[in-house]
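Numbering (the working numbering), first residue to last: 1 to 336.
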């Protein structure tokens, strides 16, 4: 089968589309003929070796974290799916490999694909939407009466996050450039901060929770914007000890490393009386089923910036890595 793999860590030249062995089907697995693949920043960060401290598989590996496709074979212990079912999934963290013609996944991370959109487009849903709902509902408790700040609202996670926060009843402020303002307002943002004109440090509003998608100085500014006792959740900052214990089941060595590298951010958060959390989203077929239902009910739009053919996946990665996508970047496999 064709797959997009890395044999060594490095820049874009380290990845290649080539022939690769088909994955092994385990008893609880589904074998999927892939229709679509969603691209995410975690993909090129994995390729670059930036995540080796928390994920260091034996190379070569197939890249990719999310997909849509059709079940072509079921393991002997599969209970909930059959051959021919159309599914979406975020693959397990220890079984990357969505950028391939075939993928084997545990049935617990899959759910039936939305009926209201093309199957290939559904690949844009799993990772970003699961990230958003786990941050907003599980970590921030977004609900009616709460005012949530989402930084970077026009991106792949941001467009989902705005919609999900509104679905949960929260008031939403987001940051965007003039180019992205119309999109984030379409997603439901109540207030938009133009980051090209307004420094977050000058914003006087205090928020009940913050979901940061940018990191760096933006994340640091968020600590001063959260109400005392509130939480700031980031997917672009530095992992911290609670993350290591809860999401990674890390050993003592990794917990100590995270304690050290996150010390500055945690100290800054404490100075403002807020809690800092880093989110490693987890695959969940049940939560993904909720999101699929929202799509089919017209309550969640999937915003796709650009589509590529599988033969052009390297170009797709370069486009994503340039950092200007509004919504998701996906790759489709033409079966004709």
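For every residue, glycine included, the Cβ atom is placed at its ideal position computed from N, Cα and C.
Bear in mind that the values here come from a model prediction, so they are computed numbers and not experimental data.
Taking 4 residues as the shortest admissible run, the stretch 199-242 contains the following complete alpha helix (DSSP H) segments, listed from N- to C-terminal end: 216-223. Within the same chain, Cβ atoms closer than 7 angstroms to the Cβ of residue 86 are found at 70, 112, 113, 119, the five residues on either side in sequence being excluded. Looking at the backbone, the Cα of residue 62 and that of residue 252 are separated by about 29 angstroms. Within the same chain, 39, 305, 306, 316, 319, 320 come within 7 angstroms of residue 329 by CB-CB distance, once the 5 residues on both sides are set aside.
With the rule of 3 Cβ pairs closer than 8 angstroms, the stretch 185-197 does not count as touching the stretch 132-146. Counting along the chain, residue 5 sits inside the beta strand (DSSP E) bounded by residues 2-6. Counting C-beta atoms within 10 angstroms of its own C-beta, residue 204 has fewer than 16 neighbours from the protein chains shown and is therefore classed as exposed. Classified as exposed, residue 24 has fewer than 16 neighbouring CB atoms from the shown chains inside 10 Å of its CB. Only buried fits residue 96, as 16 or more other CB atoms lie within 10 angstroms of its CB. The beta carbon of residue 20 is closer than 8 angstroms to those of 1, 2, 3, 5, 60, 62, 100 in its chain, skipping five residues each way along the sequence. If you ignore the 5 residues before and after residue 148, its C-beta comes within less than 8 angstroms of the C-beta of 136, 140, 142, 165, 170, 171, 172, 173, 207, 208, 209, 210, 211, all in its own chain and listed in chain order. A straight line joining the alpha-carbon of residue 80 with that of residue 313 spans about 32 angstroms. Between residue 235 and residue 168, the CB-CB gap reaches or exceeds 7 angstroms. Taking all protein chains in view, the Cβ of residue 228 is surrounded by fewer than 16 other Cβ atoms within 10 Å, so the residue is classified as exposed.
With a beta-carbon spacing of about 15 angstroms, residue 237 and residue 272 fall beyond the 8 angstroms limit used to define contacts.
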